[in-house]
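> Oh and the sequence shown: position 25 is 25 in full-length UniProt numbering, straight run, nothing missing. For glycine and all other residues, C-beta sits at the position ideal for the given N, C-alpha and C. Below: one structure in structure tokens.
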Amino acid sequence: MKKTLTLLIVLLTFSVAHAQKKASKGSIYYVLRMDYRDRPVDELVKKRLDSLGYQVTLADQSEPVSKAKGYDLIIISSTVSSQDFGGAYKDLPIPLLTWENDILDDLRFTGKHKGVDFGEVEKEHYIYIVNAPHPLAAGLEPGINSVYRKDQPMGWGKPGLGAATIATMPGQPDKAIIFGYEKGATMDYDFIAPARRTMLFLDNTTFPLLKENGLKLFDAAVSWTKTKKAL
């Protein structure tokens, strides 16, 4: 009887573990500043990712880059300190998503001149979708779309020629707020993307203010960036 019970427990444990592994959409290494005042917003982002079926590990930006190896996706929050970030994670052959505009040049998403190659607008809640067929557009209609409940900061960048630009600031086509690079695409500085790379428009505290359209774009950014290009 004891042997039978032990066997049943082992089988049940294996089945649960297998089901959890099967249900997971992938592992995410989420880089942030752990002791920063906006940490609660990062926790809300993690909660969203958890609900979508991802396994998320939070990591302070001071952790060695090597700890991200083996994960399916790296997310770099805007709560990191850009002054201390440098080009961390730039060379890893792991898909990467960020919404910190101050490190876009370090990651080779854009050129190096703030206010020219990358930057932020203080108040906006509309975006202009220019590449609706792309998966990063989340099925939204081309043209003007509202993504925030009220005016909020939005980061932007001027991507290299190898990028797919999905959305820009309304009336400002040179300011891309959603764009992505395929693996092998030429980024800025003639840098070749070692895996998919995506930039999104969020700021430190804006995630809770996303409307349904905004959440769709967030989910699409995570999904597309993590997914390997079909052969």
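Given a cut-off of 9 Å, decide if Leu140 and Lys216 are closer than it, judged by their beta-carbon atoms.
Taking the first residue of the sequence shown as 1, we reach residue 216 at position 216. Taking the first residue of the sequence shown as 1, we reach residue 140 at position 140. Going by C-beta atoms, Lys216 is nearer than 9 Å to Leu140.
> Would you check if the stretch 38-47 and the stretch 75-84 touch, i.e. whether three or more CB-CB distances between them fall below 8 Å?
Touching, per the Cβ criterion.
> Quick check: what's the CA-CA separation for Lys211 versus Phe179?
By one-based count along the sequence shown, residue 211 stands at place 211. By one-based count along the sequence shown, residue 179 stands at place 179. Each residue's Cα considered, the two are about 20 Å apart.
> What residues in its chain sit with their C-beta under 6 Å from that of residue 232, if we drop five residues either side in the sequence?
For the chain, the structure presents residues 1 to 231; residue 232 sits outside this window and is missing.
> Pull up the CB-CB distance for Gly155 and Trp224, whole angstroms please, since I reckon it's below 8 Å.
Here residue 155 refers to the residue found at position 155 of the sequence shown. Here residue 224 refers to the residue found at position 224 of the sequence shown. Wrong, their Cβ atoms sit about 18 Å apart, outside the cutoff.
> From the DSSP secondary-structure annotation, give me the bridge partner or partners of Ser124.
Position 124 of the sequence shown, counting from 1, holds the residue named residue 124. In the sequence as displayed, the identity of residue 124 is Glu instead of Ser. In the DSSP output, where bridge partners are listed per residue, Glu124 has Gln152.
> Could you please give me the residues that DSSP links to Phe179 through a beta bridge?
Here residue 179 corresponds to residue number 179 of the sequence shown, with the count starting at 1. Answer by DSSP bridge pairing, in chain order: Thr165 and Met199.
> Enumerate in chain order the residues of its own chain whose CB-to-CB distance from Ser24 is below 8 Å, with the five nearest sequence positions on each side excluded.
Here residue 24 is taken as the residue at index 24 of the sequence shown, counted from 1. Excluding positions up to five away in sequence, the list reads Gly53, Tyr54 and Gln55.
> For Tyr54, write down the residues that DSSP places opposite it in a beta bridge.
Translated into positions along the sequence shown, residue 54 becomes position 54. Tyr54 pairs with Gly26.
> How is the alpha helix (DSSP H) around Asn213 delimited, first residue to last?
Numbered from its first residue, the sequence shown carries residue 213 at position 213. Segment Glu212 to Lys226, the alpha helix (DSSP H) holding Asn213.
> Buried or exposed: Gln61, going by 16 or more other Cβ atoms within 10 Å of its Cβ?
As a first step, residue 61 is located in the sequence shown; it is residue number 61 there, counting from the start. Classification for Gln61: buried.
> Between the Cα of residue 232 and the Cα atoms of Asp38, Tyr36, Ile103 and Tyr181, which residue gives the shortest distance?
The chain is shown from 1 up to 231; residue 232 falls before or after that span and cannot be answered.
> Going by other Cβ atoms of all chains shown within 10 Å of its Cβ, with 16 needed for buried, is Gly214 buried or exposed?
As a first step, residue 214 is located in the sequence shown; it is residue number 214 there, counting from the start. The residue in question, Gly214, is buried, as its Cβ has 16 or more Cβ neighbours within 10 Å.
> Does the distance from the CB of Phe118 to the CB of Gly157 come in under 9 Å?
Here residue 118 refers to the residue found at position 118 of the sequence shown. Here residue 157 refers to the residue found at position 157 of the sequence shown. Going by C-beta atoms, Phe118 is nearer than 9 Å to Gly157.
> State buried or exposed for Gln83, treating a residue as buried only when at least 16 other CB atoms are found within 10 Å of its CB.
On the sequence shown, residue 83 is found 83 positions in, with the first residue counted as 1. With fewer than 16 Cβ atoms within 10 Å of its Cβ, Gln83 is classed as exposed.
> Ignoring anything shorter than 4 residues or poking outside the stretch 64-92, list the alpha helix (DSSP H) runs there in chain order.
Counting only runs of 4 or more, we get 82-85.
> Could you check if Phe85 belongs to the surroundings of the ligand FMN, using beta carbon to heavy atom distance under 8 Å?
What this structure holds is no ligand at all, so the ligand FMN is not there to describe.
> What first and last residue would you give for the beta strand (DSSP E) that runs through Asn204?
To locate residue 204, count along the sequence shown from 1; it is residue 204. Here Asn204 belongs to no beta strand (DSSP E), and DSSP marks it neither H nor E.
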